[in-house]
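With positions in the first sequence counted from 1, the corresponding number in my numbering is that position plus 29.
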Amino acid sequence: MDVTNILAPLNEAQMDAVTASTRAALVLAGAGSGKTRVLVHRIAWVLSTEPIEPGNILAVTFTNKAANEMRWRIQRLLDAPLNDMWVGTFHGLAHQLLRRHYKEAELPKSFQILDSDDQLRVIKRLLRSLEVDETKWPPKQIQWFINSQKEEGLRAESLHETRDPFAKQMASIYMAYQLICERSGVVDFAELLLRSLELMRKNKQLRDHYINRFKHVLVDEFQDTNRVQYAWLRLLSEDSENLFVVGDDDQSIYSWRGARVENLTKFQKDYPSHTFVRLEQNYRSTAHILAAANELISRNTNRLGKNLWTHGNQGEPIALYRAFNEQDEAYFVADRIREWSAKGHNRKDIAILYRSNAQSRQFEEKLIGMGIPYRVYGGLRFFERAEIKDALAYLRIVSNRDDDGSFERVINTPTRGIGPKTLDILRTTARQGDCSLWQAARQLILKSDIPNRIRAPIANFIELIDQLDKTTDGNGLSEQTSKIIESVKLRDFYQRESGPQSEQRLENLDELISAARQFESESNQNEELGDLTNQFLAHAVLESGDNQAELSEDYVQLMTLHAAKGLEFGLVFLVGMEEGLFPSQQSIDDSNKLEEERRLCYVGITRAKKTLFLTYAETRRIYGKENYPSPSRFIRELPEKNLIEVRARGGSVNNNVFSEPPLSNYSTAPHHFNLGQSVHHQKFGNGIILKCEGEGNQSRVQISFNEAGIKWLMLAYANLRPL
DNA sequence: GACGGAATCGTTTTT
DNA sequence: CGATTCCGTC
30 MDVTNILAPL NEAQMDAVTA STRAALVLAG AGSGKTRVLV HRIAWVLSTE
80 PIEPGNILAV TFTNKAANEM RWRIQRLLDA PLNDMWVGTF HGLAHQLLRR
130 HYKEAELPKS FQILDSDDQL RVIKRLLRSL EVDETKWPPK QIQWFINSQK
180 EEGLRAESLH ETRDPFAKQM ASIYMAYQLI CERSGVVDFA ELLLRSLELM
230 RKNKQLRDHY INRFKHVLVD EFQDTNRVQY AWLRLLSEDS ENLFVVGDDD
280 QSIYSWRGAR VENLTKFQKD YPSHTFVRLE QNYRSTAHIL AAANELISRN
330 TNRLGKNLWT HGNQGEPIAL YRAFNEQDEA YFVADRIREW SAKGHNRKDI
380 AILYRSNAQS RQFEEKLIGM GIPYRVYGGL RFFERAEIKD ALAYLRIVSN
430 RDDDGSFERV INTPTRGIGP KTLDILRTTA RQGDCSLWQA ARQLILKSDI
480 PNRIRAPIAN FIELIDQLDK TTDGNGLSEQ TSKIIESVKL RDFYQRESGP
530 QSEQRLENLD ELISAARQFE SESNQNEELG DLTNQFLAHA VLESGDNQAE
580 LSEDYVQLMT LHAAKGLEFG LVFLVGMEEG LFPSQQSIDD SNKLEEERRL
630 CYVGITRAKK TLFLTYAETR RIYGKENYPS PSRFIRELPE KNLIEVRARG
680 GSVNNNVFSE PPLSNYSTAP HHFNLGQSVH HQKFGNGIIL KCEGEGNQSR
730 VQISFNEAGI KWLMLAYANL RPL
């Protein structure tokens, strides 16, 4: 076979990776070094040089977006369909395994998946039924505990031998939670992975089948894998040991969610004769940007180590803007964006990146003010909206009556006279009979000592769901969806709701029907994966609609640094570069967390192709209080030669942004001022020093200005002139 | 069960 | 400061 197409576009390191002859390979792929290309070409390479079929390949990613892109690029390179190659997310693939082998996994055929919100509701219900004090045992914390345990591969049973009362209580809640899930026929995200791992471990026949099938296992973003995921990968590649992992320890930013960077070094130990390749040539950013990124990340410890370089342009230095406050910061950014797009650049090639979502607001206001179209990422996704979840809950309970979560969700939405009191009776009955709410409801209406006021609405509800099941059975998915929304009067319910949301909600319900229609037409009937409804329901949870803007729309992109991983932009604003914000307050006195913040900064910097702005504010309102943060340590950690401090205006037309000479001299000791001394400030005018605080670079003074009032200023930046 | 006022609380979120 | 949630009242 002619492999020219596969190898020709690769650089030397990429070629080494793609053609690696050992079984296990670790590719340490720097930002913008072409890691997806390597993965895709590796797949094409092994398909061309080994006697294998597409069906022998398993390629795993974390996000649906990455999986889709990989699929698309493989098809393009091979110029052939993927056939039965498995390309997908960890969760998606684990889900498929469980659907195919639901019996062996001891799950009901129509098992449903809980998203984080569903899971939290289950936990809250559980705590109430156990009469556990929610203030002492916050549901969120329990959710976190359960998920962390599962991500480590630990079941509640294995935790029970502890004497620590806290751990004991947690373990017993965990166990009770698991029992509820089993009885309801639902699995949470972590369960998908753990359950499918256990399935393969327990069932030799299945394991042999799959390890025999998968001759090559490839993984993207390996630094983000948790323990269970790594064990899962090891198991599925057990036969051939052809495990090809691509990752970047410097871009590990999800340790707080169970990701284990150590899996990289663990891999090196577990596969001692693996091929190790570094991809360090960067095809994205200018030399200035890369130099800054390299210098910053070099301060972290325990790195595998790598240095990005480019054949490309030197570019412009990174621009640093010191804003007076967060308003000024936002105005400056919006104004630069106006300039940039006036020069004919696309808005969608511009990103404003921040540490926390709350920061988006100020930028939105200024962008609106200037009439610049933008789009904010994050927030509620389509399938997470209340009205959509309501409609889906009906589909779910029709499919699986024992799903208590869905039962509680729909029992009185829209309202049908089943209030908290009736619900309490149902819950008690269910607990006594150790059965689902649905079964409790059926029992209850048969009892003679139940007042009709309570019996009638329950009986009606049961009738309604059974009726839906009958009338929709055999219908197409979209027809089924639309019928349910209609006959359950969801539309009327939301129509009655006042406020501007109402209209949007109705539109969303319509969109749900068309989403179902589209799913219907795109799906290839595969009974192995359950009926179409269950496939659609799983799709809704596992791919709850991406938050990405349509590529055709020319919007400025606002998102968190986390959300920006994997993306690139011509012009990037990294805003809010202040101690306490970035790095975040919670990270400042923990060196591991601080290093993760630094990696986050590294990720942010390496998003920029051509131009990068860092901004910070001297004063910032947080929770309604004035703060006087000092500039982020990450600014100081960048080489001065790659930075240039800028002012908002002035200078020549051609070079208005870079008109100021670099003066970012953070090491200069500030002058000494005395209490009561009169001083002049460039913006605030004249004032008197009231208080001094801190030492050296960190010293701040409180000044009462004649006009601007009382302010705290960092002496190092205030540029005060004694009068 | 709808509404309003008080209380609470405040990183990051691939699935 | 602001969003969200909770609780009490009508």
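The beta-carbon is built from N, C-alpha and C at its ideal position, and this holds for glycine as well.
Nearest residue (CA-CA) to residue i, options the options
i: TYR350; options: SER77, THR644 and TYR312; result: THR644
i: ALA459; options: SER707, TRP166 and ARG212; result: ARG212
i: ALA422; options: PRO137, ALA200, LYS377 and ALA567; result: ALA567
i: ASP146; options: ARG410, GLY214 and ALA73; result: ARG410
i: ASP539; options: GLU551, ARG520 and ASN553; result: ARG520
i: LEU749; options: HIS709, SER370 and LYS169; result: HIS709
i: GLY574; options: LEU641, GLY407 and ALA322; result: GLY407
i: VAL675; options: LEU36, GLU358, ARG184 and HIS303; result: GLU358
i: LEU319; options: PHE296, LEU333 and PRO346; result: PRO346
i: ASN354; options: THR48, ARG650 and GLY714; result: ARG650
i: PHE392; options: VAL570, ALA37 and MET588; result: MET588
i: ILE152; options: ARG129, LEU106, TYR203 and ALA185; result: TYR203
i: PRO658; options: GLU608, ALA677, GLU666 and THR500; result: GLU608
i: GLU625; options: LEU497, ASP278 and MET399; result: ASP278
i: ASN112; options: ALA123, GLN461 and ARG100; result: ARG100
i: ARG367; options: ILE103, PRO443 and ILE397; result: ILE397
i: LEU107; options: ASN93, GLN125 and PRO83; result: PRO83
i: SER302; options: CYS630, ALA646 and ALA54; result: ALA54
i: VAL161; options: ASN176, HIS189, PHE174 and SER201; result: SER201
Whether residue i touches residue j by CB criterion (8 Å)
i: LEU243; j: SER266; result: Before going further, note that residue 243 is Phe rather than Leu in the sequence given. Cβ atoms of PHE243 and SER266: closer than 8 Å.
i: GLN388; j: VAL632; result: no
i: GLY559; j: LEU143; result: no
i: TRP115; j: LEU76; result: no
i: GLN141; j: ASN429; result: yes
i: ASP45; j: VAL306; result: yes
i: ILE447; j: PRO486; result: yes
i: ASN336; j: GLU309; result: yes
i: ASP378; j: LEU600; result: yes
i: VAL67; j: VAL89; result: no
i: ASN232; j: ASP268; result: no
Cα-Cα separation, residue i to residue j
i: VAL439; j: TYR383; result: 38 Å
i: GLU597; j: ARG390; result: 22 Å
i: GLN148; j: ASP217; result: 7 Å
i: TYR239; j: GLU669; result: 54 Å
i: VAL604; j: LYS638; result: 17 Å
i: GLN706; j: ASN255; result: 58 Å
i: GLN614; j: LEU136; result: 44 Å
i: ARG484; j: PHE490; result: 10 Å
i: ARG525; j: GLU536; result: 14 Å
i: VAL686; j: ILE426; result: Residue placement at VAL686 cannot be trusted, given a pLDDT of 36 that sits under 50; what the coordinates show is reported in the next sentence. Their backbone Cα atoms lie some 60 Å apart in a straight line.
i: PHE119; j: GLN356; result: 42 Å
i: ALA37; j: ASN311; result: 18 Å
i: ILE72; j: LEU127; result: 26 Å
i: VAL32; j: LEU39; result: 12 Å
i: PHE273; j: PHE361; result: 45 Å
i: VAL517; j: GLY287; result: 41 Å
i: PHE734; j: PRO751; result: 13 Å
Limits of the unbroken alpha helix (DSSP H) element including residue i
i: LYS64; result: 64 to 78
i: TRP115; result: Unbroken run through TRP115 is the beta strand (DSSP E), 115 to 118; no alpha helix (DSSP H).
i: ARG197; result: The displayed chain sequence assigns Lys, not Arg, to residue 197. Segment 194 to 213, the alpha helix (DSSP H) holding LYS197.
i: ASN292; result: 291 to 299
i: LYS499; result: 481 to 501
i: ALA58; result: Here ALA58 belongs to no alpha helix (DSSP H); instead the beta strand (DSSP E) covers 54 to 58.
Same chain, Cβ closer than 8 Å to residue i, neighbours up to 5 away in sequence not counted
i: VAL257; result: LYS179, GLU180, GLU181, GLY182, ALA219, LEU222, LEU223 and LEU226
i: TYR584; result: ARG376, LYS377, PRO402, TYR403, ARG404 and ALA578
Start-to-end residues for the beta strand (DSSP E) that takes in residue i
i: GLY398; result: That residue, GLY398, is in no beta strand (DSSP E); its alpha helix (DSSP H) goes 389 to 398.
i: HIS245; result: 245 to 248
Contact set for residue i: own chain, Cβ-Cβ below 7 Å, skip 5 residues either direction
i: LEU506; result: ALA545, PHE548, GLU549, LEU561, THR562 and PHE565
i: ASN321; result: Just to set this straight, residue 321 is Ala in the shown sequence, not Asn. Result list for ALA321: ILE347, ILE634, LEU667, PRO668 and ASN671, in chain order.
i: ASN386; result: GLY407 and THR589
i: GLY63; result: GLN43, LEU308 and TYR312
i: LYS712; result: PHE353
Close Cβ partners of residue i (< 6 Å) along its chain, the five nearest in sequence each way excluded
i: HIS245; result: VAL75, ILE86 and ASN271
i: ASP299; result: none
i: HIS70; result: ILE35 and VAL47
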